[in-house]
Structure formats: structure tokens, C-alpha cells
Amino acid sequence: MASDDGVRAMSRDGSAGRSDGLAGWLRGWGPAVSMASRNLRRNRVRTVLAVLGVCIGVLAVAALGIFGNVLALGADDAIGDIGTQVVVSPNNDAGVESLSDADVASIRRAVDGPAVVPLYSDSATVARQGDQTFATVYGVEEPALAYEAAEGRLPERHRQGAILGAGIAEDLSAGAGDTVEIAGSQVRVIAVLVESQTFSPVAPDDAVFLPESAFSADGYAQALVVSDSGAEARAAADAIREAVNAREERVDLFELAALVDEINEFFDLLSTFLLGLGAISLVVAGVSILNVMLMSTVERRQEIGVMRAVGVTRRDVLRVLLAEAGLIGAAGAAAGTLLTVLLVAGLVIATPAVDAALVIDRTNAYYLLLALVFGVGVGIVSGAYPAWKAANERPVEALRS
Amino acid sequence: MSDRDVPDGPTASGYAVELRDVVKRYPGGGDEPVVALDSVDFAVRPGEFVAVVGPSGSGKSTLLNVLGLLDDPTSGQRLLDGTDVTSLSVGERTQARKESIGFVFQDFHLLPTLTAVENVALPTAFDPGDASDRAAELLARFGLGERLDHEPTELSGGQKQRVAIARSLINEPAVLLADEPTGNLDTETGESILGEFERVKSEGVAVIAVTHDPLVEEYADRVVDLTDGVLTGGIPEDDADDSPGPTPDADDDARRSGRVRRGGRQTATTDAGGER
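Chains A and B, in that order, give the protein sequences. For the first sequence, our numbering begins at 1 and goes up steadily by one. For the second sequence, our numbering begins at 1001 and goes up steadily by one.
Have a look at this one:
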């Protein structure tokens, strides 16, 4: 206590000590970084090699991360909305031949949110100018809820005309405004659907959609439940099972959300695996920084001792050395990030199969950022031990050598 | 808490630095600890130039380390500017070194990456405010005004030592500690460096130089001998009278007379202060 007071009393300008808070803490980094960068320039080859190590590590993390992500995005794109549709069919095993209006109403009540599109179903020959094909014909009142038009416009209420699936339209070379013959009667085509990405029992590509009034059946063959997401589809399926199948198994449900989940899980695993591979090289880079910093602090032992002797605090010595390691990490990370961008860009240009839209996806920037942060972090973490060791050496020992 | 009363006494006696009954033991090869300093009493007034001589391994470096707050005594008391600084924490010691002590080393120990002016400002490099103006001023005073931005490799030995002296003065220290300051310099350069020490002490700084160099002894106001950890002549002999330390003029006289009586001094190095 007494000596403590004494030292403070000795201080020429009392406040210049260590109690200068955040501003002082920040200000100390200026000279530290300046000294650090000069120290790094002393042994350029060694510094460049350490930077190269981090650069490769960051490149590995970022590139493998992005590759994994592009794979996952591509798969997602290919699977499409496979997981967002639930197809409800009557359970023939229980003697239910079709879905009644009451069934559809209770499905609507149960799902609360996703659109429910009931369908009549039949099959018929479809012909135009000599071409002829056999197709499933669906009766649907609100086609716009489940499908999109590539040509023409989908009416809110389907009252007249036919909507062709993409496959059939191609087979018959028919477009909106043309007339086709369905089961013997001429019907005007009002729209052609976009090609379906969906794998579903209700395959629209080879189907023709007519107004409900064209059918005389006494019940719906199927009902589509169209959700925005896989999770919503799963919830809807569960709700239908609970509500509609409460007393007897009236309906069968077909859903692929669970399968999609599994596929997504696989790609998550793949991404993690690739990132892990990259992380190994980053760890190796960290060890090389550790090595460089240990060597350089041993070489500069006396210098550090002198700094301590003339009154530079342990904290400031630590800062200089951490700044050195951090600069190596930052330089390597920046170079690695830049290289990754170039590499990925080159790959996209060289490989037409890779969809550029997938590569410039926002989520890839996240991998770049992650790698950048990792690079700087690896630098600081591996620099911490040598820096701490050097800063805490007693100046007497350091000067003696 | 008797420590609290201590500062008044020595402050009155006006010593820049003082050791009282200081013992420093190192754990030895196994059986017995090595006694590097054995009951050392040592005091230096502001503006006094003291040379510490003695054979190698007699504890001179230990004395300098203890005086310079680089090492703590095993027992005894250490005062700096009249304040008890016997047992400080690492941080407090660093702070006290920065505020009150300047070091000059045999190997100069300049940081090779820093320019002359940056080396001089090194002790305050991490503090608020820019000390480079003062550093440049100091360098100009030591005749290096043209070489502010030179790196150590571009300077001669004498120039490097001048930079080192300027660095030791950047904090306006009470005590300047020099470890063989002329050890790596030729005689002529050594003399000019000792001339700089004279100027430093004339500003009221207590200068303590550990040395083997007879030249340093010539310039010193007082030569103390350290042999096997025992210090002879550590306290000024005119301690009793109240004169506040030697005046610069008196120093000059002392040096001249010391130079003249060099031969006699060598035979009686423990005759410290008697020449005055």
C-alpha cells in the first residue's frame, strides 16, 4: 500500500499511468502495429512463408466451404419444391373411393394456411392436327393455387378451356389459343404450365387440366396441399392425419418433406466435412505462425528485455507481438480470400455446368467472411503464447543473454 | 506501515537513490545460495557521478539491476527519490522505471527497426502525447540533430551510445544507470561519451556507471569498489554536512583533479570522495 502510494506520488503527471480507459487502450495499438509491421519486414522470407501458410489455410476453408454450399444449393434447386406438396388420396383399402366435399372441407380446416386444391381425375386421348397422346385429365377449380403458367394466364376460377402440362403441349406443339381435341370434343387451350420441378403422384407435365364442370364424378380423386416450406408441409400432413383420419383411415398421404430433410442433412454433413478438411490446413497454418513467433521472440529476447527495462509495460510488449501475429493472419486471410474469389470465378467460367447464380449466392459470402475471420483468429491465437511468454520474461534474464 | 514514514528521512538527506543494508541472494548450484550483494549501503546524490568498480562476478550487474528496479533485493531497503520502492509489483516497477530511471548499456541495445528519434522516444512510445519533439531536441543536444531518421545500422558506436543516452533521458530520470558505457568504444569516443555524462549530471541527474574502464573512474566524482558482494565507500563521506550534493563546477574540478591524480586513484579506489 505504502509503496503503491509512493509510486503514484512520484508520477510526474499523475493521470498518465494506466487508468486512461478505452481511449488509451485503443491509442496503444497505433505504435504497436507500426512496430509490429517493421519487425515483420526484418525477416521478409519468414513472414511471407507464414502469410502463405495462412493464405492456403483460408483458401482451403473458403473454397471447400463454397464448394459444399454450391453443391447443396444445386441439389436444393434440382429437388425443387418436392418437399412442399402433400397429396391426399382416398384410402381404397378402407373402402373409400373418393374424397367427398366434407373430406375436402375437413382437410381445409385441418391444414389452416396452405392452399388445398381438390382434383377430379380421369384419363383421355388428347389430339391435335394428327398428333395424339393419352393423358391424365384433372378437373380443378383453382389451378393458380398449385401451378404456374408459362404461357397464357391461369384463371382464378377455372370455368372453361384447357390448361396443358408442359410435356403434352410440347408433344402436340400446342400453345395458348390453340384448340385441342380432348376425348372427342374441341377445347381451346387457355394456358400452358411451366415445366414441373416436382416429383409428385400428380405429375402436371403429362396432364391436362379442365374445369370441374367437365367431370360428372361424385367425388374428388385427390387433393393437393400446397405449402410454402417443407416444415409447413410436414405440419399440414400431421394435422390431416390427426383430424381427417381420427376415427377411421379415410385418406392416404403422400409427402416427401422427410426425404428432403434427409437430403438436406446429408448436404449439411458434406459441408461440415469439407469445412473440416479446410480447417486442418488452417490449423497447420496456425502452427507455422506459432513457430515463426516463437523463433522471432527468442531471437529478439534482448530487444524485448530492453523495451521492458526502459519502461515499456508488459501489456504493450504483448500488444506489439500480438499485432505481429495478427498482421500475418490478416494478410494471409486477405490474400486467401482474394485467391478464393479468383479460383471460384475461374471455375465458374471454365465449367458451364456450374450455375453462376448459385455461386454468387449470398450464403457464399458468409463462407468468405468465415474464412477471413478464421485466418485473423488463427494468427492471434497462435501468436498469443509466444507473445505472453516474451512479455512476461523478466528483463534481467532477457538482458543477460 | 513504518514504510510510510521512511520517505521523509532520505528526502531530507537528498539522495536520488539509496540502498540500505541490501542483501541479494541467488539460489546457487545446490548447497548454498550465492550472495551477490552482502549488506550493501549505497547512496547517490542528484548530480553526482559514481563509478562502481570491482572484479568480474563481484555483483556489479546485480547492484545495477537492483538499483534499476529490474531485480528486487532479498532483504534491505531501496529508495528512489526518497520513496520506498523495495517491493513493488511488476507493473509498478515498470512504471517507476519509466518515470525515474534511465539505462545505458554496453551494447547500446537500440532497436534496429526504429530510427534514432524513435529509439529515443521508445520509453514513451505507448503513452499519450508525441515525445518525438523532445527526442529530437535531446538528439540535437548530443550532436545528432542531422541523424534523427537514421537507423542504428547507419550510426557509429559513439553515435549509438549517444542515442542510448538520449533515450535514457527522455523521461527526465532521477537516476541514470550505465553498464560499461564505454566498453565497446575506443578511448576517444569513450571520453566524449563521458563528457556527455558530465552534462547529464550537471542537470541534477545521479549517474551510476558500472565499469572496468579507468577512464570512467577519472570522470567520476566518487569511485566505489564492489568485491564479492561487499561494497566499500557506498555512502558519501561528507554525508554529515548538509551540502545538497556537489555543484557542477565542483564536479569539473573533481574530474580534472581526478585525471591528474589518476595514478594515485588506481592504487586506492576505495578512497572514494576523499579527493574532493
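Every residue gets a Cβ at the ideal spot worked out from N, C-alpha and C, and that includes glycine.
Legend entry - Rounded separation between A/A279 and B/G1076 - CA only: Here residue 279 of chain A refers to the residue found at position 279 of the first sequence. Here residue 1076 of chain B refers to the residue found at position 76 of the second sequence. Spanning the two alpha carbons is a distance of roughly 56 angstroms.
Inset, instruction - Determine the closest residue to A/I328 out of A/I263, A/S382 and A/V137, with distance taken between C-alpha atoms. - result: Counting from 1 along the first sequence, the entry for residue 328 of chain A is found at position 328. Residue A/S382 is the option with its Cα nearest to A/I328.
Inset, instruction - Tell me whether the beta-carbon of B/D1221 lies closer than 8 angstroms to the beta-carbon of B/G1233. - result: Here residue 1221 of chain B refers to the residue found at position 221 when the second sequence is read from its first residue. Here residue 1233 of chain B refers to the residue found at position 233 when the second sequence is read from its first residue. Not closer than 8 angstroms, so no.
Legend entry - Counterpart residues of B/L1037 in DSSP-defined beta bridges: The residue you call residue 1037 of chain B lines up with position 37 of the second sequence. Paired residue(s): B/K1024.
Legend entry - Close beta carbons around A/A225, own chain, < 6 angstroms, minus the five adjacent residues each side: Start at 1 with the first residue of the first sequence, and residue 225 of chain A comes out as number 225. The sequence shown places Val at residue 225 of chain A, rather than the Ala named in the question. Around A/V225: V86, V111, P114, V116 and A236.
Legend entry - Spatially closest choice to A/V222 from A/P211, A/A231, A/F254 and A/L193, by CA coordinates: If you number the first sequence from 1, residue 222 of chain A lands on position 222. Rather than Val, the amino acid found at residue 222 of chain A in this sequence is Gln. The candidate whose alpha carbon is nearest that of A/Q222 is A/F254.
Legend entry - From A/V208, A/D122, A/L64 and A/M35, residue whose alpha carbon lies closest to that of A/A218: Position 218 of the first sequence, counted from the first residue, corresponds to residue 218 of chain A. In the sequence as displayed, the identity of residue 218 of chain A is Asp instead of Ala. When only C-alpha atoms are compared, the closest one is A/D122.
Legend entry - Beta-carbon proximity list for A/I162, same chain, < 8 angstroms, skipping 5 on both sides: Reading the first sequence from its first residue, position 162 is the one you call residue 162 of chain A. A small correction: the amino acid at residue 162 of chain A is Ala; Ile does not occupy that position in the sequence shown. Cβ neighbours of A/A162 beyond the five flanking positions: V180, I182, V187, R188, V189, I190, V208, F209 and L210.
Legend entry - Endpoints, the beta strand (DSSP E) within which B/V1205 is located: For this step, residue 1205 of chain B is matched to residue 205 along the second sequence. No beta strand (DSSP E) holds B/V1205; DSSP gives it neither H nor E.
Inset, instruction - Determine, using beta carbons only, whether B/L1088 and B/T1062 come nearer to each other than 8 angstroms. - result: Within the second sequence, numbered from 1, the residue matching residue 1088 of chain B stands at position 88. Within the second sequence, numbered from 1, the residue matching residue 1062 of chain B stands at position 62. Not closer than 8 angstroms, so no.
Legend entry - Top-ranked residue by Cα proximity to A/I380, from A/D355, A/A323, A/A398 and A/A63: Reading the first sequence from its first residue, position 380 is the one you call residue 380 of chain A. Among A/D355, A/A323, A/A398 and A/A63, the Cα nearest to that of A/I380 belongs to A/A323.
Inset, instruction - Work out the CA separation of B/P1181 and B/L1019 for me, nearest whole Å. - result: Along the second sequence, one-based indexing puts residue 1019 of chain B at 19. Along the second sequence, one-based indexing puts residue 1181 of chain B at 181. So the two alpha carbons sit approximately 22 angstroms from each other.
Inset, instruction - Taking all protein chains shown into account, decide if B/G1054 is buried (16 or more other Cβ within 10 angstroms of its Cβ) or exposed. - result: Counted from its first residue, the second sequence places residue 1054 of chain B at position 54. With 16 or more other Cβ atoms within 10 Å, it is buried.
Legend entry - Sequence-distant residues of its chain with Cβ nearer than 8 angstroms to A/L119 (five each side left out): As a working mapping, residue 119 of chain A is identified with position 119 in the first sequence. Excluding positions up to five away in sequence, the list reads Y138, G139, V140, V202, Y220, A221, Q222, A223 and L224.
Legend entry - B/G1047 vs B/A1166 beta-carbon contact at 8 angstroms: Taking the second sequence and counting its residues from 1, one reaches residue 1047 of chain B at position 47. Taking the second sequence and counting its residues from 1, one reaches residue 1166 of chain B at position 166. Result no, Cβ atoms of B/G1047 and B/A1166 do not sit closer than 8 angstroms.
Legend entry - B/Y1219 to A/R27 span [Cα, whole Å]: Here residue 1219 of chain B is taken as the residue at index 219 of the second sequence, counted from 1. Here residue 27 of chain A is taken as the residue at index 27 of the first sequence, counted from 1. If I take the Cα positions, the gap works out to 43 angstroms.
Inset, instruction - Drop a sphere of 10 angstroms on the beta-carbon of B/S1243, count the other beta-carbons inside from all chains shown, and report buried for 16 or more, exposed for fewer. - result: One-based indexing of the second sequence puts residue 1243 of chain B at position 243. With a pLDDT of 44 at B/S1243, under the threshold of 50, the predicted position of this residue should be treated as unreliable, though the coordinate-derived value follows. Flag for B/S1243 reads exposed.
Legend entry - 8 angstroms Cβ cutoff, A/A2 in contact with chain B: Within the first sequence, the letter at position 2 stands for residue 2 of chain A. Residue placement at A/A2 cannot be trusted, given a pLDDT of 40 that sits under 50; what the coordinates show is reported in the next sentence. Judged by the 8 angstroms Cβ criterion, A/A2 is in contact with chain B.
Inset, instruction - Would you please verify whether the beta carbon of A/D355 is less than 8 angstroms from any beta carbon of chain B? - result: Mapped onto the first sequence, residue 355 of chain A falls at position 355. False, the Cβ-Cβ gap to chain B never drops below 8 angstroms.
Inset, instruction - Out of B/S1039, B/V1017, B/F1042 and B/E1092, state which residue places its alpha-carbon closest to the alpha-carbon of A/R315. - result: For the purposes of this step, residue 315 of chain A is taken as the residue at position 315 of the first sequence. Considering only alpha carbons, the answer is B/E1092.
Inset, instruction - Pull out every residue of the segment 41-58 of chain A whose Cβ sits closer than 7 angstroms to any Cβ of chain B, in chain order. - result: R42
Inset, instruction - Check the DSSP bridge columns for A/D409 and list the partner residues they point to. - result: As displayed, chain A neither begins before 1 nor continues past 401, which places residue 409 of chain A out of reach and without an answer.
Legend entry - At least three beta-carbon pairs within less than 8 angstroms, the segment 1131-1147 of chain B to the segment 1155-1173 of chain B: yes
Inset, instruction - Could you confirm whether any beta carbon from chain A is found closer than 8 angstroms to the beta carbon of B/H1212? - result: Your numbering for residue 1212 of chain B matches position 212 in the second sequence. Answer no: the Cβ-Cβ gap between B/H1212 and chain A never drops below 8 angstroms.
Inset, instruction - Taking B/D1071 as the query, report the chain A residues whose CB atoms sit under 7 angstroms from its CB, ordered along the chain. - result: Within the second sequence, residue 1071 of chain B is the residue found at index 71, counting from 1. Under the 7 angstroms cutoff, chain A gives V396.
Legend entry - B/L1139 to B/S1192 span [Cα, whole Å]: Translated into positions along the second sequence, residue 1139 of chain B becomes position 139. Translated into positions along the second sequence, residue 1192 of chain B becomes position 192. Spanning the two alpha carbons is a distance of roughly 15 angstroms.
Legend entry - Residue burial classification, A/E397 (beta-carbon count within 10 angstroms, cutoff 16): Here residue 397 of chain A corresponds to residue number 397 of the first sequence, with the count starting at 1. A/E397 should be labelled exposed.
Inset, instruction - Decide yes or no for the touch test of the segment 259-273 of chain A against the segment 43-55 of chain A: beta carbon pairs closer than 8 angstroms, at least 3 of them. - result: no
Inset, instruction - Report the three-state DSSP secondary structure of A/S185 (helix, strand or coil). - result: Along the first sequence, one-based indexing puts residue 185 of chain A at 185. The answer is strand: DSSP assigns A/S185 an E or B state.
Legend entry - Short CB-CB distance (under 8 angstroms) between A/R314 and chain B: Here residue 314 of chain A refers to the residue found at position 314 of the first sequence. Chain B contact via Cβ: present.
Inset, instruction - Inspect the beta-carbon positions of A/V403 and A/G57 and report whether they are closer than 8 angstroms. - result: This structure gives no information on residue 403 of chain A, because the portion of chain A shown stretches from 1 to 401.
Inset, instruction - Assign B/F1197 to one of two classes, buried (16 or more other C-beta atoms within 10 Å of its C-beta) or exposed (fewer than that). - result: In the second sequence, counting from the first residue as 1, residue 1197 of chain B sits at position 197. B/F1197 should be labelled buried.
Inset, instruction - Return no unless some Cβ of chain A is closer than 8 angstroms to the Cβ of B/P1152. - result: Residue 1152 of chain B sits at position 152 when you count from the first residue of the second sequence. With 8 angstroms as the cut-off, B/P1152 does not count as an interface residue toward chain A.
Inset, instruction - State yes or no: is the beta carbon of A/G326 nearer than 8 angstroms to at least one beta carbon in chain B? - result: Numbered from its first residue, the first sequence carries residue 326 of chain A at position 326. No, A/G326 does not count as interfacial toward chain B.
Legend entry - A/E262 at chain B interface by Cβ criterion, 8 angstroms: The count along the first sequence starts at 1 and reaches residue 262 of chain A at position 262. Cβ-Cβ to chain B under 8 angstroms: no for A/E262.
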